[in-house]
Amino acid sequence: MLRKLSIMLAALLLISGSYAQTIKSPDGRLSLSFSLSSEGEPTYALSFGSKPVILPSKMGLEIKNKPPFTNGCAIKQIDSAIFNETWIPVWGEVNQINNHYRELAITLQQPAVANRWFRIVFRLFNDGAGFRYEFPEQPGLQYITVTNERTCFQLTGDHMTFWIPGDYESQEYTYNHTRLSDVDAEIGKKVYEIGTRTIPGSDYVQSPLMMKTDDGLYINIFEATLVNYPAMHLHIDKKTFCLESQLVPDPIGNMAYLQASCNTPWRTILLSDKATDILASKTILNLNEPCKIADPSWIKPMKFVGIWWDMHVGTKSWNYADINNVKLDETDWNKLTPNGRHGATTEYTKKYIDFAAANGIDGVLVEGWNVGWEDWAGNYKENVFDFVTPYPDFDVAEIQRYAAAKGVKMIMHHETSSAVTNYERWMDTAFRFMKHYGYNAVKSGYVGRIIPRGENHDGQWMVNHYLRAVKKAAKYKIMVDAHEPVRPTGLHRTWPNLLACEAARGNEFNAWSRGNPPEHETILPFTRLLGGPMDYTPGIFRMKMSTYDPQKKDMMVHTTLTKQLALYLTMYSPLQMAADLIQNYEARPDAFQFIRDVAVDWDNSWYLEAEPGDYITVARKAKGKDEWFVGAITDENGRMATASLNFLPEKTKYVATLYTDAPDADWKTNPESYTISKCLVDKNTVLKIKLAPGGGAAISIRPATETDKKLKRYKP
12 MLRKLSIMLA ALLLISGSYA QTIKSPDGRL SLSFSLSSEG EPTYALSFGS KPVILPSKMG
72 LEIKNKPPFT NGCAIKQIDS AIFNETWIPV WGEVNQINNH YRELAITLQQ PAVANRWFRI
132 VFRLFNDGAG FRYEFPEQPG LQYITVTNER TCFQLTGDHM TFWIPGDYES QEYTYNHTRL
192 SDVDAEIGKK VYEIGTRTIP GSDYVQSPLM MKTDDGLYIN IFEATLVNYP AMHLHIDKKT
252 FCLESQLVPD PIGNMAYLQA SCNTPWRTIL LSDKATDILA SKTILNLNEP CKIADPSWIK
312 PMKFVGIWWD MHVGTKSWNY ADINNVKLDE TDWNKLTPNG RHGATTEYTK KYIDFAAANG
372 IDGVLVEGWN VGWEDWAGNY KENVFDFVTP YPDFDVAEIQ RYAAAKGVKM IMHHETSSAV
432 TNYERWMDTA FRFMKHYGYN AVKSGYVGRI IPRGENHDGQ WMVNHYLRAV KKAAKYKIMV
492 DAHEPVRPTG LHRTWPNLLA CEAARGNEFN AWSRGNPPEH ETILPFTRLL GGPMDYTPGI
552 FRMKMSTYDP QKKDMMVHTT LTKQLALYLT MYSPLQMAAD LIQNYEARPD AFQFIRDVAV
612 DWDNSWYLEA EPGDYITVAR KAKGKDEWFV GAITDENGRM ATASLNFLPE KTKYVATLYT
672 DAPDADWKTN PESYTISKCL VDKNTVLKIK LAPGGGAAIS IRPATETDKK LKRYKP
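Count along the sequence shown starting at 1, add 11, and that's the number in the working numbering.
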């Protein structure tokens, strides 16, 4: 509950100058102070114990044709409060979340601007801070055109950082690990596999930005509740190491259009001397609003397989015919000559339905089922798909009947080709079509340049579209998995039908490009995943792409097989794909058993050890079951993972099934070599597991039966 501590200044008492106000986190470790400079500039600072983390940093917004909200301020009122509640997520890494913070709300007046006023609200948690700007309706301040945001994060030094180029269009980069002074975002222009990009300059990086100081503090700068506002990138001043917010502009150079009363997203700073605290943080979620779906019982986490990886490795195609220049409203699709490689056929889909039903997999995704794929990409074409017309070889009604008889859910695919105005026109019709044919989940895609032309993927217009799509889907009781959207910022608390997003470089890049380096999966949980689950599509068992195409001799998945299993734990998502081809799972049923067993929704999670760019070990308890799972991954270096099982209940024996790298495993030379073993464990067991270079380990734990008790106890 929210408890107001005091109103520290009366409404008419105006204070300027160097007045400072400080609050501490509930546990007392963090302190945040606010003050005004002699010019009436609002500033804030943040410390961890006695260590400064953010030095006094300027704040405010610039707006069009009016004085900015950056100076000439006086304090009108200060309110302080403490809030402490526990709430229950619809799904998640844990079954309950504590939301505990101290709040400081500063009401600022600008006497020289007709006594115009606004608020800056700070919330200080045990693991970080959030703050935002609020603009109440008042005479002369109804409509606000934001031309710049001057929020700064004045760092204490040249920290090591994990970064990708600031890009208004794409997050699909591998991470760089350098000092802030060595950032060169221009290298993003050389990443050939990203076709749509807008990089504003060499000193721009994307948020979330993960950093580590020389004295061992972990700092993450991000945002929460991105609604009706563009995404925040960061500009680095390499002389002072000040980071300043850089918003994504619209086609005429403005950043955002607001109408009072209104507020910006929360700017967030996560902070700890333990890397595991960053991974376990729920501050981003806590800064979002509670669930707005009255009855979310229809929202179900799920595993799925699908017709997808076939297209990436080149054995199937999305398109039905090999022609160009088709027109959606004029083409007679029944008269086209099939190319013989089309993946989304009724017959092939039934094979995936059969496989899902036989292995306890919840759903099947089918890409390329609808007409228009012949010339969809790269043409800046608006009328590409209608989302309701199947190709001649895909019988929607028969698929519905067959899947229902097998107890399998079908997942619809809506690739918009970034012709977003077209998708907006079709959305209601497409969702009604889905419900008519029994689909309750959709994977959407936004590949290419945005239409309306000139808009960016991460601009305000598109941010609003992504949320409109999620809200519209909720109206039809449809779950959403969005690909190529703006990166998530915790909105799945408010709209839990947003099960997952891509918004980062996923596993598919391993199939047709230079791929993802082994450290990639050890960085994403510290960056992209802080805002919400990612559909990373793990579970690849056949690593070398030359298996499918001899021309791809240098292309491969940059992990071992057991690391692919571990990703189901370390890359959290309530929507997990078993992404490989059926035959590759049938060839290794013993390893596939872990994918069959692993849960997708959890009662609790424990991050046991972690270092960004190096390794992660996590344990999780399946929701409502006496089952636990452990995942450990490493970068290109082999190492020993340590997992204490002290989270297990007392006085009970368990059987652990360990899926580990074989002694000769290596992501480069022998990625598919693994071992499976079983042993008895209990609360006092500490697992020591050798991880191969680029490797990992996956462990399932359940209560031991009488037969299991004949197994040997675990010994390191």
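Idealized CB from N, CA, C, for every residue including glycine.
Could you give the distance in angstroms between the alpha-carbon of Q32 and the alpha-carbon of R161?
-> 21 angstroms
Start-to-end residues for the alpha helix (DSSP H) that takes in F444 = Per DSSP, the continuous alpha helix (DSSP H) segment holding F444 begins and ends at 431–447.
Proximity below 8 angstroms, CB of P704 to CB of N648 = The answer is yes: Cβ separation under 8 angstroms.
Using three-state DSSP, classify S711 as helix, strand or coil.
-> Three-state DSSP puts S711 in a strand.
Locate the alpha helix (DSSP H) running through A415, then write down its first and last residues.
-> 407–417
D608: first and last residue of the uninterrupted alpha helix (DSSP H) it sits in = That run of the alpha helix (DSSP H) goes 600–608.
Nearest candidate by alpha-carbon position, reference A484, set I551, I304, A598, R352 | I304
Buried/exposed call for P549, threshold 16 Cβ in 10 Å = buried
Would you grab the beta carbon distance between A654 and A630 for me? Rounded to a whole angstrom, and I think it's under 8 angstroms.
-> A Cβ-Cβ distance of about 6 angstroms is found for the pair A654 and A630, placing them in contact under the 8 angstroms criterion.
Thinking C-alpha only, which one of Y240, K721, L656 is nearest K694?
-> L656
Segment limits, beta strand (DSSP E) that includes D288 | Here D288 belongs to no beta strand (DSSP E); instead the alpha helix (DSSP H) covers 286–291.
Relative to the C-alpha of A332, which residue among K632, A430, W387, K87 is closest?
-> Checked all of K632, A430, W387, K87; the closest Cα to A332 is W387.
Could you give the uninterrupted runs of the alpha helix (DSSP H) lying entirely in the region 472–523, keeping only those of 4 residues or more?
-> 520–523
By DSSP, does P67 sit in helix, in strand, or in coil?
-> strand
8 angstroms Cβ cutoff met for H424 and V491 | Not closer than 8 angstroms, so no.
Output the distance between the C-alpha atoms of D406 and T357, rounded to the nearest integer angstrom.
-> 6 angstroms
Inter-residue Cα distance where the pair is L16 and L135 = Here L16 scores only 49 on pLDDT, less than 50, and its place in the model should not be relied on; the value that follows carries that caveat. Going from the Cα of L16 to the Cα of L135 covers about 15 angstroms.
Assign R498 to buried or exposed, taking buried as 16 or more other Cβ atoms, counted over all protein chains shown, within 10 Å of its Cβ.
-> buried
Can you name the start and end residues of the beta strand (DSSP E) that D193 belongs to?
-> First-last for D193: undefined, no H or E at that position.
For K392, the nearest candidate out of G383, V399, T400 (CA to CA) | G383
Exposed unless 16 or more other CB atoms sit within 10 angstroms - verdict on G374 | buried
Reference Y596, options Y670, Y547, Y579, I551, closest by Cα | I551
Buried or exposed: which applies to T716, given that a residue is buried once 16 or more other Cβ atoms fall within 10 Å of its Cβ?
-> By the Cβ neighbour-count rule, T716 is exposed, with fewer than 16 other Cβ atoms within 10 Å of its own.
Complete runs of the alpha helix (DSSP H) confined to the region 347–405 [at least 4 residues] = 357–369
I18 (DSSP reduced to helix, strand or coil) = Bear in mind that a pLDDT of 39 at I18, under 50, signals an unreliable position, so the number given afterwards is only what the model happens to contain. The answer is strand: DSSP assigns I18 an E or B state.
Assuming I489 and V453 make a contact with CB atoms under 8 angstroms, what is their CB distance in whole Å?
-> About 6 angstroms separates the two Cβ atoms, so the contact holds.
Q107: buried (16+ other C-beta within 10 angstroms of its C-beta) or exposed?
-> exposed
Is it right to say K486 is buried, meaning 16 or more other beta carbons lie within 10 angstroms of its own, or is it exposed?
-> So K486 ends up on the exposed side.
Cβ of A10 within 8 angstroms of Cβ of Y670?
-> The chain is shown only over 12 to 727; residue 10 falls outside these bounds and no answer can be derived.
Below 6 angstroms CB to CB, which residues in the same chain sit around T224 once its five sequence neighbours on both sides are set aside?
-> H170
Could you tell me how far apart the beta carbons of C512 and P536 are, in whole angstroms, since I believe they sit closer than 8 angstroms?
-> That belief does not hold up - the Cβ atoms of C512 and P536 are roughly 14 angstroms apart, past 8 angstroms.
Compare the C-beta of A703 against all C-beta atoms of chain D and say whether one is closer than 8 angstroms.
-> Of the protein chains in the structure, only one exists, and it is not chain D.
The region 567–582 / the region 678–690 touching (three or more Cβ pairs under 8 angstroms) | yes
Alpha-carbon spacing of D672 relative to G139, whole angstroms = 37 angstroms
Check whether the region 188–206 touches the region 256–274, taking contact to mean three or more Cβ pairs, one atom from each stretch, closer than 8 angstroms.
-> no
First and last residue of the beta strand (DSSP E) that includes Y685?
-> Its beta strand (DSSP E) spans residues 685–692.
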